[in-house]
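Residues 394 to 767, numbered by my numbering, are exactly what the sequence shown covers, in order. The C-beta atom is built at its ideal place from N, Cα and C for all residues, glycine as well. The structure presented is a predicted model; accordingly, all values stated were derived computationally and were not measured. What follows is a single structure, written as structure tokens, with notes after it.
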Amino acid sequence: MAAPTIDHRGPEFAELTLHLLDALKPVFGTAGPVVIYPASGTGAWEAALVNTLSPGDRVLCFETGHFATLWQKMATGLGLDVDFVPGDWRHGVDPALLARRLAADTSHSVKAVCVVHNETSTGVTSRIPEIRAAIDTARHPALLCVDTISSLGSIDYRHDEWGVDVTVAGSQKGLMLPPGLSFNAVSEKAVAASRTAALPRSFWDWHPVIEANRRGFFPYTPATNLLYGLKTALELLEAEGLPQVFARHARHARATRAAIHGWGLEVLCADAREHSGALTAVLMPPEHDADKVREVVRERFDMSLGAGLGRLSGRVFRIGHLGHFNDLTLAGTLAGVQMGLRLAGAPVDEGGLQAALDLLSDEPARPAGEGGRV
Numbered sequence: 394m395a396a397p398t399i400d401h402r403g404p405e406f407a408e409l410t411l412h413l414l415d416a417l418k419p420v421f422g423t424a425g426p427v428v429i430y431p432a433s434g435t436g437a438w439e440a441a442l443v444n445t446l447s448p449g450d451r452v453l454c455f456e457t458g459h460f461a462t463l464w465q466k467m468a469t470g471l472g473l474d475v476d477f478v479p480g481d482w483r484h485g486v487d488p489a490l491l492a493r494r495l496a497a498d499t500s501h502s503v504k505a506v507c508v509v510h511n512e513t514s515t516g517v518t519s520r521i522p523e524i525r526a527a528i529d530t531a532r533h534p535a536l537l538c539v540d541t542i543s544s545l546g547s548i549d550y551r552h553d554e555w556g557v558d559v560t561v562a563g564s565q566k567g568l569m570l571p572p573g574l575s576f577n578a579v580s581e582k583a584v585a586a587s588r589t590a591a592l593p594r595s596f597w598d599w600h601p602v603i604e605a606n607r608r609g610f611f612p613y614t615p616a617t618n619l620l621y622g623l624k625t626a627l628e629l630l631e632a633e634g635l636p637q638v639f640a641r642h643a644r645h646a647r648a649t650r651a652a653i654h655g656w657g658l659e660v661l662c663a664d665a666r667e668h669s670g671a672l673t674a675v676l677m678p679p680e681h682d683a684d685k686v687r688e689v690v691r692e693r694f695d696m697s698l699g700a701g702l703g704r705l706s707g708r709v710f711r712i713g714h715l716g717h718f719n720d721l722t723l724a725g726t727l728a729g730v731q732m733g734l735r736l737a738g739a740p741v742d743e744g745g746l747q748a749a750l751d752l753l754s755d756e757p758a759r760p761a762g763e764g765g766r767v
């Protein structure tokens, strides 16, 4: 990314853009267009809503965590009628509940269902294929919009196969880049909806972007140097192979959970089917402050753990294990957490780290040259 910034109206840039748009499609699991914005994931949220909906449209959202809550607040602020289904932040979207809600909506007043695939605040991954099946079972025409900001490039995801209409993504998680790029993968149904959607939009409008992209350009000044980094990130994912990338993340998640259980602590995610491959939230006993553990780890070992957000503030800390990550990185991370727990006075069994190391030894990673990462 430290390379000179080239003319974003020139032929070299057009070649880069066309390459990136093609290389992004397998990561999203789509043959359709992927729109790139110079923005954070929040921008991609807004783009998904304003391109497909009109003022007063009813939207069904599910409270699976802090970021699902923020997305529904944005929808409300944009003038949408949001039906926010409450949740306990320990489970993903309940497909059976969704099916019942949509079956009861005989007038088809719900225009979109908004779901966070991997809730960054909780380490819970909702089951998108089952959610799609619930919509289909109800024979409901609602659009399916899915936030993959902390799952894309880390957890198996298939935009086309799973019948997703708008996929929201960002650059700073599984794509291994700094913040600053966001994405919408869009279905034909979503593009059709955008032609009649009446929410105000200008910068976020898909159509000028898709049209300019045909020639390799953008209707605004792009984040050129981040696009350089995106090219390299996509090359890394392709070299490893997406199935191997997903398997690596799942394996590191299993090792992390082994350590947590070995410490005598509890994983926040309460459904084994919904354990995240990207991060794991650790629930501390009521008498112990998770933020104290984070503070000790940061000050003593120069390592940052994720904070508990919203209603989970002080109750959990989060261990990330996504992106450019290997066994030694995970082992060091878990060693730092174990030492921090002890120094913070938490009653933990120090066999937790060994449990993780045993799992990593018993389930060896694929060696280099076999689609794996050492």
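(message) Please report the distance separating the alpha-carbon of Asn444 from that of Ala591.
(response) 8 Å
(message) Please classify Thr614 as buried or exposed, where buried requires at least 16 neighbouring CB atoms within 10 angstroms.
(response) exposed
(message) Quick check: Thr560 and Val584, are their CB atoms within less than 8 Å of each other?
(response) no
(request) Measure from the alpha carbon of Leu661 to the alpha carbon of each residue in Pro601, Val602 and Pro678, then state which is nearest. (result) Pro678
(request) Enumerate, from N- to C-terminal direction, the unbroken beta strand (DSSP E) stretches of 3 or more residues contained entirely within the stretch 400 to 433. (result) 427 to 430
(message) Rounding to the nearest angstrom, what Cα-Cα distance links Ser754 and Thr722 in this structure?
(response) 14 Å
(request) Take Trp656 and list the residues in its own chain whose beta-carbon comes closer than 6 Å to its own, dropping the five residues that flank it on each side. (result) Val741, Asp742 and Gly745
(request) Quick one: give me the first and last residue of the beta strand (DSSP E) that Lys504 is part of. (result) Val503 to Val509
(request) In the DSSP assignment, find the alpha helix (DSSP H) that holds Ile603 and state where it starts and stops. (result) Trp599 to Asn606
(message) In the DSSP assignment, the beta strand (DSSP E) including Ile712 goes from what residue to what residue?
(response) Val709 to Gly713
(request) Please report the residue range of the alpha helix (DSSP H) in which Leu619 lies. (result) Thr617 to Glu633
(request) Identify the continuous alpha helix (DSSP H) that holds Ala489 and give its terminal residues. (result) Pro488 to Ala497
(request) Can you give me the start and stop residues for the alpha helix (DSSP H) that Ala586 sits inside? (result) Glu581 to Ser587
(message) Just verifying my parser: in three-state terms, what is the DSSP assignment at Val478?
(response) strand
(request) Quick one: residues in its chain with C-beta nearer than 6 Å to the C-beta of Lys685, no 5 flanking neighbours on either side, listed in chain order? (result) Ala737
(request) Work out the CA separation of His642 and Asp695 for me, nearest whole Å. (result) 23 Å
(request) Measuring alpha carbon to alpha carbon, tell me which of Pro419, Phe421, Gly729 and Leu495 ends up nearest Cys454. (result) Leu495
(request) Could you check how far apart the C-beta atoms of Leu702 and Ser500 are, in whole angstroms? I think they sit under 8 Å. (result) Not confirmed; about 36 Å, so no contact.
(message) Do Gly472 and Gly449 have their beta-carbon atoms positioned less than 8 Å apart in this structure?
(response) yes
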